[in-house]
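In the working numbering, the protein residues as written are 81 to 1059. Inspection log for the structure reproduced underneath, given as structure tokens.
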Amino acid sequence: MRPHDLHPADAATESGLASRRGEGLEQDLPLEQELLRLIEESREQAAEDPFRNPVLAVTLAITRRFDRGEIGEDDLDALFPLLRAQSLASRAERLRAYVGLDRDAAAASDTRMAARLVAAVPHRQGDFESFRDIVGRTGFAVVFTAHPTFGMPRAVAALIAQAASEVDRPARAALVTRAAGHSTRPDPKISLDDEFEQACVAANHGRTALDGFNAALLDAARARWPDRWTELVPKPFAIASWVGCDTDGRTDIGWWDTVRYRLESKRMQLDRVMRDLPQVPATQVVRDLTGGALAAVNRQLAVAPRLGTKPSLEAVHRFALALIIERERAQTDSGAILAGLAGAIGGLDSDADKRSVALLRSGIATHGLSNALPHFRLNASQIHNAVRRVTDLEGEPTDAAQRRSHLASIHALLNDVQAVDVDFGALAAERASAARLMMTITQILKHVDGSHPVRFLIAETETGYTLLAALWLARHYGIADKVEITPLFETASALEQGVRVLDDALRNPHWRQYLKRIGRLTVQFGYSDSGRYVGQLAASFWIERLRLRITELMVQNDLTGVELAIFDTHGESIGRGAHPTSLRDRLAYLAPEDARRRNRNASIRVRLESSFQGSDGYLMFGTLPLAQATVERIAEHVFAFDVADDDSFADYVLSDPASGADETDDPIYAEPDFAAEFFTVVRQDMETLVDDAGYAALLGTFGPSLLDRTGSRPVARQTDGGGPTMITHPRQMRAIPNNAILQQLGFLANSLHGVGRAAGRTPDLFRDMRRDSVRFSRAFRMVQHAASVSDLDVLRAYIDTLDPAVWLERARRTQRDGRREELVVIANALDRLRLAPDLRHLFGQLTCDWLSLQVAAPDLGRMSARLTLLHAIRLALIHRIWFLAVHIPGFRPQSGISREALIERFLRLDIDGCLTLLEDIFPITPDPTLGLNFGEPAGPRDVGTYETEHRTLFEPIRRSFQRVREISGMIQHEVGAFG
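Below, the structure is given as structure tokens:
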């Protein structure tokens, strides 16, 4: 048996298209048009033939063209840039529309939010003070996070942002063409430094956009209050980041790395002051102060250990001494610079100079000595482990049977806690991760920037004990007044028990005193894990319910004088909580008007915060025009109650836009039973799906291998025998790859499943809510978008690819020489994996709910022909890899791997691992001992090399797999986000 690449039918060439024939394709059509027409024809035929899978039929047609040499590698190399260009052009257009760039371009200056906000203040005594209060409090923070979602090359992301910002269409097309010349695969090595640099680019654009908005506020205020406008210190919005400060599940970030990143942020802030400060005598004092601080920070950074260097104790010691010696010159609090700026304004003559200094004052008042405010993060278990060494308790705090004893124990510790001194030596010696992070924060506040309290996020918080234990650590290290302890509620149980968690903490007098002293209760809501376990729509409902209950809890505990900060940590895809329609919808989806109105009625001030993650999230700040539009949309959302706005409901696409739906009196809240039952059904069905063995098989068989590494986090674990771990439950993978795999397999189950059955229970009321409820219809737009990039035919094509019966049926009918044997080998290997029964059962569940959804919402869209074609081409490439893999020669088991096991790894697309192993088994270079005299008669050894196997098997497999991953990048752009 010969490899199909060496079959006589392949000898014609791999590249020419002149001999294309069959399957109803015309010779004079470009390849892309031929294949797209084949998709459409196959779909039409499937409508008449229910047993035909149109995607697998096209895959087979493409495979036959591979076999006949009608589509070769040169043809794919010519086709891919065309497909990339279309995907990227669509991506850039959507980005432009998403942030509303065209809308801003057509808007007059007096219709922008800053001018409207000034105009909305009633003309009466105290109007200036009212305006000062409105803009003097931070109502929204943009948080740049370093989730592993850097799914596109940095160069491509920059070109997409530039194209989206370009007004001229030909210029926009030229930028897209340049982007299409790059691979869509992420940069091969992404370090934490890379992520930090990209976050800084976005943050700098964000800071400049904030300055622009604040400048518009000052200009409008100057026109209305010409004698008092310089008193204003507007700080309505802030920029924050946790890049370099997130140690949840990571051990590869040293404390010196985190300190260095904070110094880099400080240097950028000081650079901004030096760059924008007018060069006039009145600013000389603050210029000298800032210049001295900047020089000191540069000296500190000069001896900072670099990422991944594993510095010696001497290097760490040298860095610590630089931080201490330069401490006073570097400034560790923004007070002196702020005082200098305030004094300078009084000595300035021109309004332009006053405006420049006022903007710098606002930026520093908001951000202190940092370019972006820091968010630190770790896991609840790390907190528990750090405190465990000072308690006598055993067991877990989450155990209900030990809840009271743990709460009593931590209360006793809080009664007696005494602050200890912290130095860099103690920090270097500390082994407990939570204690080490708290000590790192102590040193940053002491030696880098102590202007503002820092955010301390705790993942997987499921008990009030965690909050009290974190408070004990903060008091132990003397920084309780400078740390905002923040629980993350994300899992289903945490969303249900969140109020009990907070209530347990609030019953403790130490926690109540802490909140009143720091003046803010901060909570974090997560949409990734909640969405993948209970369904994205259901997660939104449970999160909103928790928001409302937290408001009630604050009123009950007389905490209405404490600000409530809500940090919505979501991804950039619908599966992880980002609304696809517009940024305006995204903000309203995360912070519904009803919840915000209840906070306002209870006199609770709310600070909203939202994450912007990785390449996809940073795009909205990829250029200054994009950042300005993003800030304008945020302003419209934050100040919606302060400005009489037009009815925005027309922006939303509903079944009946003329129905007169009213967001201020949303019927979804008048039908609490419908909402509770609808989302409970979605949750129940999604939880059942998650526990289904077929769902784990779908996600884990070759799904992870479709994805490149997209961040600096450590890669997934390997099995003892080599190769990727076989996933038996979704909880064994992170939420981002979980969601990304669903995108790559063509069915966004965590945004679709369960909605059909829920809608079918009360179809009339479901339709009424789509028509009349702003909140419900906005949420349902998530389903509509998911449906437009999902197709059960695509999913079934992947499932059938893993079904040995399909391959055996194909073997029965093939007429190609040698193909039957290849098909049988693949079928037998798949049979050993035992995936088909579970996958078929899973497909039945998904199909049943999808049919119900189609009845309830017949207007749902369908996957585009272009996206369907990408899946078909990739399946053909996967099949080609398998056909080649079965021709690997036999070999003795090596490193515990037999040929049979190797074939199974090929079926799971562990291509890089398999090829590495094969390079050792079948070396291409001669044995280096040949020809050397070792003083004895020569023993047996391999004298040949395996150039033929490398040329005809291994390299074609490698190239095909590179194209598989390339298509994954294109699918990412078609869907709209990675993960």
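C-beta atoms are modelled at their ideal positions from N, C-alpha and C, and glycine is treated no differently. Fair warning: this is a prediction, and the values are worked out from it, not measured in the lab.
Nearest C-alpha to residue 923 among 944, 975, 875, 496: 875. Residue environment: residue 627 is assigned as buried (16 or more neighbouring CB atoms within 10 Å of its CB, all protein chains considered). In this structure, residue 710 lies away from residue 247, with their beta-carbon atoms at least 8 Å apart.
Look at the beta carbons and you see the region 661 to 673 touching the region 710 to 724: at least three pairs across the two are nearer than 8 Å.
Assignment of beta-bridge partners to residue 538 by DSSP yields 458, 567. Here residue 977 carries a strand assignment [DSSP, helix/strand/coil]. Cβ neighbours of residue 943 within its own chain (closer than 8 Å, five residues either side excluded): 826, 868, 869, 870, 871, 874.
The continuous alpha helix (DSSP H) containing residue 872 extends over residues 872 to 881. The continuous stretches of beta strand (DSSP E) do not include residue 853, and DSSP gives it neither H nor E.
At a Cβ-Cβ threshold of 8 Å, residue 833 and residue 615 count as neighbours. Using a Cβ distance threshold of 8 Å, residue 384 and residue 340 count as a contacting pair. Each of 938, 914, 758, 1013 was checked against the Cα of residue 984, and the nearest Cα belongs to 914. In the assembly as shown, residue 996 is an exposed residue. Its beta-carbon has fewer than 16 other beta-carbons within 10 Å. Counting C-beta atoms within 10 angstroms of its own C-beta, residue 500 has fewer than 16 neighbours from the protein chains shown and is therefore classed as exposed. In this structure, DSSP gives residue 511 a state outside helix and strand, which the three-state scheme calls coil. Where residue 689 is concerned, the enclosing beta strand (DSSP E) starts and stops at 686 to 693. Secondary structure within the region 643 to 680: the alpha helix (DSSP H) runs of 4 or more consecutive residues, fully enclosed, are 663 to 670 (chain order).
Judged by DSSP in its simplified three-state form, residue 333 adopts coil rather than helix or strand. Look at the beta carbons and you see the region 416 to 423 touching the region 438 to 455: at least three pairs across the two are nearer than 8 Å. Counting only residues of its own chain and dropping the five nearest sequence neighbours on each side, residue 722 has a CB closer than 7 Å to the CB of 197, 200, 214. Counting every other CB atom within 10 Å of its CB across the protein chains shown gives residue 992 a total below 16, marking it as exposed. Residue pairing of residue 221 in beta bridges, as defined by DSSP: 318, 689. Per DSSP, residue 1005 has no beta bridge partner at all. Here residue 542 is buried, its C-beta having at least 16 other C-beta atoms within 10 Å. Taking a cut-off of 8 Å for Cβ pairs, the region 269 to 279 and the region 673 to 680 do not touch, as fewer than three such pairs fall below it. Closest in alpha carbon position to residue 982, among 972, 994, 975, is 994. Relative to the Cα of residue 428, the nearest Cα in the group 407, 590, 363, 483 belongs to 363. Contact between residue 554 and residue 563 holds, with the beta-carbon distance rounding to 5 Å and staying under 8 Å. In the pairwise beta carbon analysis, the region 678 to 692 is classified as not touching the region 1049 to 1059: fewer than three pairs are separated by under 8 Å. When DSSP states are grouped into helix, strand and coil, residue 843 belongs to the helix group. For residue 346, the number of other beta carbons within 10 angstroms of its own is at least 16, and it is reported as buried. About 5 Å separates the beta carbons of residue 225 and residue 322, which is inside the 8 Å limit, making them a contact pair.
Sequence-distant Cβ neighbours of residue 704 in its own chain, meaning closer than 7 Å and more than five residues away, are 285, 288, 289. Nearest neighbour of residue 394 by Cα position, chosen from 504, 940, 660, turns out to be 504. Counting the other Cβ atoms within 10 Å of the Cβ of residue 935 gives fewer than 16, which makes it exposed. In the DSSP annotation of this structure, the continuous segment of the beta strand (DSSP E) that includes residue 603 starts and ends at 600 to 606.
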